[in-house]
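Each residue of the sequence shown is one higher than the one before, counting from 15 in our numbering.
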Amino acid sequence: MNNSRQSFTYYRLGQYQGLKVLLLLFVTMLIGCTSAIAQQTRTYRIAAIEVDWDYAPTGINQISGNAFGESENVFVQSGKQRIGKVYRKAVYREYTDAAFTAAKAVAPQWEHLGALGPVIRGEVGDTIQVVFKNMTSFPTSIHPHGVSYLKNSEGAPYNDGTSGADMADDAVPSGGTHTYIWQVPERAGPGPMDGSSVLWMYHAHTDEPADTNTGLVGPLIVTRKGNANPDGSPKDIDREFVTLFTVFNENASHYLEHNVNHFTGKPKKTMKNLDDPEFQESNLMHSVNGYVYGNLPGLTMQQGERVRWYVLSIGTEVDLHTPHWHGQTVLWMGSRMDMVELLPGSMKTIDMAPDNPGTWLYHCHVNDHITAGMMALFTVTE
Ligand SMILES: [Cu+2]
Numbered sequence: 015m016n017n018s019r020q021s022f023t024y025y026r027l028g029q030y031q032g033l034k035v036l037l038l039l040f041v042t043m044l045i046g047c048t049s050a051i052a053q054q055t056r057t058y059r060i061a062a063i064e065v066d067w068d069y070a071p072t073g074i075n076q077i078s079g080n081a082f083g084e085s086e087n088v089f090v091q092s093g094k095q096r097i098g099k100v101y102r103k104a105v106y107r108e109y110t111d112a113a114f115t116a117a118k119a120v121a122p123q124w125e126h127l128g129a130l131g132p133v134i135r136g137e138v139g140d141t142i143q144v145v146f147k148n149m150t151s152f153p154t155s156i157h158p159h160g161v162s163y164l165k166n167s168e169g170a171p172y173n174d175g176t177s178g179a180d181m182a183d184d185a186v187p188s189g190g191t192h193t194y195i196w197q198v199p200e201r202a203g204p205g206p207m208d209g210s211s212v213l214w215m216y217h218a219h220t221d222e223p224a225d226t227n228t229g230l231v232g233p234l235i236v237t238r239k240g241n242a243n244p245d246g247s248p249k250d251i252d253r254e255f256v257t258l259f260t261v262f263n264e265n266a267s268h269y270l271e272h273n274v275n276h277f278t279g280k281p282k283k284t285m286k287n288l289d290d291p292e293f294q295e296s297n298l299m300h301s302v303n304g305y306v307y308g309n310l311p312g313l314t315m316q317q318g319e320r321v322r323w324y325v326l327s328i329g330t331e332v333d334l335h336t337p338h339w340h341g342q343t344v345l346w347m348g349s350r351m352d353m354v355e356l357l358p359g360s361m362k363t364i365d366m367a368p369d370n371p372g373t374w375l376y377h378c379h380v381n382d383h384i385t386a387g388m389m390a391l392f393t394v395t396e
């Protein structure tokens with residue numbers, strides 16, 4: 015009697031446990047499905063291409079409104095032994111097809127990117143896939159900051175224990191392609207002090223100093239999970255700008271010899287005098303997104319918009335920059351500023367609520383850099 019009662023109880027308990035397990039399984043599947051919808055793989059086709067880059071396409075000093083004079087001509091005037099304001103550079107550009115024949119048109123709001131590569135985006139939880147084609151004449155790569163990657167998606171050659179196919183990312187040969195896979199975990203997204211999105215960068219890292227001086231740099235923006243529009247941009251921001259402050263050292267470019275041969279009046283003589291300090295000085299392009307003396311276009315916003323500025327720097331000891339906005343203030347990590355500090359490799363995310371209409375100066379506050387043209391204009395419309 016006792017025995018049968020016990021087994022009956024055990025039987026009932028077992029059935030109850032089974033139901034609990036089924037319910038748990040169902041809930042787990044539901045959660046799995048929901049996160050699978052939220053997480054996605056964002057694919058970008060990006061090529062490194064060669065361009066003849068004009069640092070001052072309007073041909074004048076837009077800050078003064080005047081023609082270039084003696085001090086500007088140190089950097090922008092071509093001559094017998096001067097390259098001038100147009101240099102062959104390599105830049106990252108986005109394509110829409112697998113054959114890399116159709117370049118993606120740059121949307122008007124991103125016209126200001128200038129020499130920078132396209133914005134790569136991820137929301138926390140996403141996977142970013144970059145199909146990279148090297149259309150330049152030198153081996154190069156894409157190396158990302160912030161996101162999570164395996165050794166075969168790091169884009170940097172060093173003695174790291176990899177070999178064979180796992181090194182294909184390090185230096186993609188001319189005409190070659192490589193697919194980089196980057197994960198966007200929580201630790202690639204905004205931290206406790208950040209807003210809804212955070213700036214990282216990507217750049218070539220096969221010969222890092224030469225590659226970046228040649229122009230291979232772009233922005234990577236990660237948005238907090240649940241805060242992203244379908245295109246990955248933050249929901250709580252109306253307008254975004256990305257600005258790179260760097261002194262492109264064209265003396266260290268992969269294309270120095272090409273530039274001397276194509277853009278100087280006396281290439282042979284110039285090639286013999288590459289060490290001339292004045293020639294070297296003339297090739298230090300103090301730029302914002304590859305533009306000098308106010309030639310950067312497209313920094314336009316409306317009064318009252320929620321504006322996010324992503325500012326970065328790359329380079330060497332001279333690349334200590336202090337971007338300063340006239341006429342407005344900004345917030346950086348909760349602190350009120352109208353200027354932020356950048357060191358080589360700095361990436362900062364800054365919020366502005368423009369309240370003061372007009373056209374305003376946006377410049378590096380380092381005196382030598384002001385003289386050399388590291389200045390832009392931005393406009394707040396009513
Ligand atoms: Cu500066």
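Beta carbons: idealized from backbone N, C-alpha and C, even for Gly.
- For a cut-off of 8 Å, the C-beta gap from Q95 to K283 is around 6 Å, short enough to register as a contact.
- Here DSSP, grouped into helix, strand and coil, assigns G136 to strand.
- Not one heavy atom of ligand 1 sits closer than 7 Å to the Cβ of M353.
- Look at M181 here: in three-state DSSP terms it is helix.
- For L391, the uninterrupted beta strand (DSSP E) segment begins and ends at M389 to T395.
- Contact between F293 and S92 is absent: CB atoms are separated by about 12 Å, not below the 8 Å threshold.
- Secondary structure note for K286: its alpha helix (DSSP H) is the uninterrupted segment P281 to K286.
- With fewer than 16 other Cβ atoms inside 10 Å of its own Cβ, G178 counts as exposed.
- Taking W374 as reference, the option from E355, T385 and T395 with the minimal CA-CA separation is T395.
- Here the distance from the Cβ of M389 to the nearest heavy atom of ligand 1 is not below 7 Å.
- Per DSSP, the beta bridge partners of T141 are T55 and Q197.
- Taking 8 Å as the upper bound for CB-CB distance, V236 and S211 are in contact here, some 7 Å apart.
- Boundaries of the beta strand (DSSP E) around Q316: T314 to Q316.
- In this structure, the CA atom of V161 is about 35 Å from the CA atom of A386.
- Between D369 and the set V256, H340 and A129, the nearest pair of CA atoms involves H340.
- V105 is the residue among Q123, V105 and H126 whose C-alpha sits nearest the C-alpha of A117.
- With a threshold of 16 other beta carbon atoms within 10 Å, K103 meets it and is buried.
- Taken from the Cβ of V138, every heavy atom of ligand 1 lies 7 Å or farther away.
- For N263, the enclosing beta strand (DSSP E) stretches over residues R253 to N263.
- Exclusion of the five residues before and after H159 leaves W214 and M215 as the residues of its chain whose Cβ lies within less than 6 Å of its Cβ.
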